[in-house]
Amino acid sequence: MVDWSKTVEIIIIIIITGPNSVESKCLKEKSASVLHKYYSLKNHQKKPTQAGGFQDLRRDLQAVIGTRTNFNIAQIENYGGETFLSEEVSIALLQESKLAFKRCQLLSRQSDLPGNAVQILESLLHYLMLEHVDYALDLGLQCVPIPETKTQPQIYFFDVVRQCNAIVHLLEKQFNDSLVPLVVSTPKHGDCLQKKKYLLEQIEMKLDTGLDR
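The sequence shown finishes on residue 562 if you use this note's numbering, and the numbering steps up by one all the way, no holes.
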């Protein structure tokens, strides 16, 4: 249910101070709150992920040394099968940005509209794709079992792939439905396509890496 009193309050503030800074600030705060609440419910403290070469080196050493000596130098933690991906959380973040796009369209001057819309997209990509999806992918990659282990592993990365694909589908739909009408026929349209393409390519590379393992 829409909190109309809060919506009216936000609109008044935007009219006084300008839509750009206020909308971005509100969206960032709401998005951060959604993620904080989710990880708190999971009793999970977000941690720096060891993506890239160092993590791969640990896995390679474990594969060579561990299988010969039963000595574990790279403990694989699977978090009990938790993927730390949530379609419900993703929908909540997308809903916040959808409302932000609508307010942006309603309150922005025509000359400012494309630029303001880009800022909303950047916030969405940051919180949804980087802080949520990319983080879960990094954790998922660390949880992929060493191929040489003697016991039959439980592979949860396939769940990560399935959920990630569903979230990307939702992002693509909102991109086309809510953002494109605000930037089409302007140079910002190409910028937005490039930002989305670059980020999704990084996500796809990590998905491929996990599946190859």
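Just so you know, even glycine gets a beta-carbon here, dropped at the ideal spot from N, CA and C.
ask   = Expressed to the nearest angstrom, what Euclidean distance is found between the alpha-carbon atoms of CYS341 and PHE507?
value = Residue 341 lies beyond the range of the chain shown here (350 to 562); nothing can be said about it.
message = If contacts are defined as beta-carbon pairs under 8 Å, then LEU479 and LEU443 qualify, I think. What distance do you get, rounded to the angstrom?
response = Not really, about 15 Å apart at Cβ, beyond 8 Å.
inquiry  = When you measure from the CB of ASP483 to every non-hydrogen atom of the ligand MG, does any distance come out below 7 Å?
reply    = Absence of the ligand MG from the depicted structure is noted, as is the absence of any ligand whatsoever, leaving it without description.
task = Would you decide whether ILE365 is buried or exposed? Buried here means 16 or more other CB atoms lie within 10 Å of its CB.
result = The predicted model places ILE365 with a pLDDT of 48, which falls under 50 and marks its position as unreliable, so this point remains unresolved.
request  = With DSSP collapsed to three states, give me the class of GLN444.
outcome  = Reduced to three states, the DSSP call for GLN444 is helix.
request  = In the DSSP assignment, find the alpha helix (DSSP H) that holds ASP483 and state where it starts and stops.
outcome  = Premise fails: ASP483 is in no alpha helix (DSSP H) and is neither H nor E.
request  = Use the C-beta contact count for ASN525: other C-beta atoms within 10 angstroms, 16 or more gives buried, fewer gives exposed.
outcome  = Taking all protein chains in view, the Cβ of ASN525 is surrounded by fewer than 16 other Cβ atoms within 10 Å, so the residue is classified as exposed.
query = Unbroken alpha helix (DSSP H) runs of length 4 or more, entirely within the region 509 to 555: which are they?
reply = Here the runs fully enclosed are 529 to 532.
key: Supposed close pair CYS513, LEU560 - CB separation, criterion 8 Å   = At roughly 11 Å, the Cβ-Cβ gap does not stay under 8 Å, so CYS513 and LEU560 are not in contact.
ask   = Under a three-way DSSP split, which group does THR432 fall into?
value = For THR432, the secondary structure class from DSSP, reduced to helix, strand or coil, is coil.
key: Span separating the alpha-carbon of GLY464 from that of LYS537   = The straight-line gap from Cα to Cα measures roughly 7 Å.
task = Report back the beta-carbon spacing between PHE433 and LYS386 to the nearest angstrom; my notes put them in contact at under 8 Å.
result = About 14 Å separates the Cβ atoms of PHE433 and LYS386, ruling out a contact at the 8 Å cut-off.
inquiry  = Check for me: the alpha helix (DSSP H) holding LEU474 runs from which residue to which?
reply    = In the DSSP assignment, LEU474 falls outside any alpha helix (DSSP H), carrying neither H nor E.
task = Kindly indicate which three-state DSSP category VAL467 falls into: helix, strand or coil?
result = In the three-state DSSP reduction, VAL467 falls in the helix class (H, G or I).
ask   = Where does VAL493 sit, in a helix, a strand or coil, going by DSSP?
value = Coil.
query = If you measure from the beta carbon of HIS518 to each beta carbon in chain C, is any gap under 8 Å?
reply = The chain inventory of the structure shown lacks chain C, comprising one protein chain alone.
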